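Residues in the sequence shown are numbered from 15 upward in steps of one, following this note's numbering. We treat Cβ as the ideally placed atom computed from N, Cα and C, and that holds for glycine. Computed from a predicted structure; not experimentally measured.
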Amino acid sequence: MLTTTTRPTRGWRRSALGFVAAAALLAGMAGPVDARTFRWANDLDANSLDPHSRNVTFQLTFLENVYEGLVRRGPDLKLEPSLATSWRLTAPDTWRFELRRNVRFHGGEPFTADDVIFSYQRTITPPSNLNGVFAAVREARKVDDFTVEFVTNGPSPTLPDEMATWMVMSKTWSERNNATVVANMTQQQENFASRNTNGTGPFMIRERVIDNRTVFVPNPNWWDKVEHNLTEVVFSRIQNDATRTAALRSGEVDMVYSIPPQDVAAFERNPQFKVWQTPETRTMYLGLDQIRDELLGSSLKGRNPFKDIRVRQAFHHAIDIEAIKTRVMRGYSNPTGLLVGPGIAGFDPSINTRLPFNVDRARELMREAGYAEGFDVTLNCSNDRYVNDEAICTAIAAMLARINVKVNVVTEPFSRFFRLVNPPSYETSFFLLGWSPASIDAHNALVNLAYTRGAVPNKGVFNVQGHSNPAMDRLTDAIAIETDAAKRLQMMKEALSMARDQHAVLPLHQQVILWASRSTVDLKQLSNNYFPLRLVRMN
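Given below as structure tokens:
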């Protein structure tokens, strides 16, 4: 349980006592003789320690070392039991989960069905933006202390997959510390859960200085078999790419969670290091505002060019995706025309096509739409979240200049950028974002990124661009309840084709995950970019 933060919080003494007790138990454990400290670094830190606050990959993987859900993903991304030992359908619209017994939170509270129901209610209550996890659920109910049921709006064959990144909090602890509702991060609010943790997972947080350093120690009472050999894990945030890779070369850290593509060859040539790489399930895309009558960040008044599909097509034609792959990504990307890529259920290579790079055709479309002279627009991007994100935006701005579109690129740290795209603000008209379906299923991308925003609660939550296609909404709803696997795949193929042809977003590529470590480190790299410390060993 967390005891040290950047500033005192109410209840710290109670947390400290809980940690001292846990540490005493840990000291008495007979651990592996080769156990040691593992030091790793990333350019980002978790913005909050609240597991229900933000649907952001790094924050979720960071916290999944401390908190757990009913299910989890293994190295092959297949579902595994976690706080639930089994799950099954008891009716076409009812999933029953049998809960693990004799599990305790780090603070000593017993884990029961009450914690699951509480965490469900907390997640579907604004301002949590993980509510999309339960878009198909109309009720969660306790059967007994170790059995819960989720009742869905019709059949929901992928609900357990959707829940793979959802985590359970202690009801007792949350109530005691006035943290029963997620703090509104878009308004920079905090509560006790923002800076303190109390999970059931394999690690506890002993010390934390936000945006600097976090120290994890093993949970001596974890219910599962311990596969790691770590006695301490030290995470450091090192924003600068060169400084971060230098820390690995000098031995200051043992692993970096992200390395620039330009550094891969040097690490591969040195036998003291390992480079870990795999294509990511995340699709990078451009969002173009299709809902406002007037663009944000533009001098063009009274009109929104992005509402015209010809302008969206022109942008697609004007982007040289192969140049981005070779010059910006150094070959470490896979261009795409779809919302999802390989490894995601529903992906079909036969429809994974892009409009060809053709500046002349782009100019022709701009003329047809009445924008031969172009317009100006602001492109909002992060500069520390995705591989070469700032460089991608700069390159796109240069490409769009060829069709007389003046792009003002505004880059900022992801913690600030995310406020622009985070519901319910949506304060951008042109942006770069990435999406990795938590369910490893195309329906997740369709219902979150392309479903009409605001039409149905918990659907279209990350449809920042405001695209709306009622026919695609109906098809997405039908996919959600279809239990025939072959028919469902065909329906997803149709829906993905609709999103592609309507340019709901402009897909760019799937980036390649690039990590580097010392040769003495053994770990598991998941293609959804999750990093489970429970699978790390130091040799």
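With a 10 Å radius around the Cβ and a threshold of 16 neighbouring Cβ atoms, G301 comes out buried. Of the candidates A492, A464, T292, S450, S450 places its Cα closest to the Cα of E176. The residue from V289, D536, G355, T408 with its alpha-carbon nearest to that of A456 is G355. According to the DSSP secondary-structure assignment, H523 is paired through a beta bridge with M298, P349. In the DSSP assignment, W187 falls within the alpha helix (DSSP H) that extends over 185-190. The bridge partners DSSP lists for F217 are P232.
Rounded to the nearest angstrom, the gap between the Cα atoms of A60 and L447 is 18 Å. Residues of the same chain with a CB within less than 7 Å of the CB of D487, apart from the 5 flanking positions on each side, are Y465, T466, A469 in chain order.
For S133, the enclosing alpha helix (DSSP H) has its first and last residue at 127-138. In this structure, DSSP gives T75 a helical state, which the three-state scheme calls helix. Residue burial is scored here from C-beta neighbours: S264 has fewer than 16 other C-beta atoms within 10 angstroms and is therefore classed as exposed. Within the region 325-412, complete alpha helix (DSSP H) segments of at least 4 residues are found at 373-382, given in chain order.
When the alpha-carbon of P169 is set against those of V182, W109, T211, E441, the nearest one is in W109.
A distance below 8 Å between beta-carbons, with the five flanking residues on each side excluded, links I358 to the following residues of its chain, in chain order: T295, P451, I454, D455, A456, A459.
Residue environment for K92: exposed (fewer than 16 other C-beta atoms within 10 angstroms of its C-beta). Residues of the same chain with a CB within less than 6 Å of the CB of A154, apart from the 5 flanking positions on each side, are I131, Y134, F164 in chain order. Taking the Cα of K288 as reference, the smallest distance to any Cα among A530, M552, N543 is reached at A530. DSSP, reduced to helix, strand and coil, places S531 within a strand of the structure shown. Taking the Cβ atoms as the reference, A55 lies roughly 5 Å from R258, within the contact range of under 8 Å. Between F148 and T137 a beta carbon distance of about 7 Å is seen, short of the 8 Å cut, so the two are scored as contacting.
Here the region 61-72 lies against the region 192-208, with 3 or more beta-carbon pairs under 8 Å apart. When DSSP assignments are scanned along the region 436-492, the uninterrupted stretches of alpha helix (DSSP H) that are 4 or more residues long and fall wholly within it turn out to be 456-459. By the 16-neighbour rule on beta-carbons within 10 angstroms, K185 is buried. For D158, the uninterrupted beta strand (DSSP E) segment begins and ends at 151-158. One thing to note: A98 has its Cβ no nearer than 9 Å to the Cβ of F119.
By the beta-carbon neighbour count (other beta carbons within 10 angstroms, threshold 16), E78 is buried. Under the DSSP assignment, T245 falls in the beta strand (DSSP E) whose first and last residues are 244-251. In the structure shown, the three-state DSSP call for S100 is strand.
For F281, the enclosing alpha helix (DSSP H) starts and ends at 278-283. Contact annotation: the region 537-544 does not touch the region 386-394, with fewer than three C-beta pairs closer than 8 Å.
Assigned with DSSP and collapsed to three states, F206 falls in helix. With respect to D268, R502 sits apart: the two C-beta atoms are not nearer than 9 Å. Judged by their CB atoms, D403 and F371 are not nearer to each other than the 9 Å cut-off. The beta carbon of A383 lies closer than 8 Å to those of P319, D322, R324, V325, A328 in the same chain, with the five residues before and after it left out. Sorting A405, V182, P106 by C-alpha distance to the C-alpha of T166 places P106 at the top. Contact check for A411 and L434: beta-carbon distance about 17 Å, past the 8 Å limit, so the pair fails to qualify.
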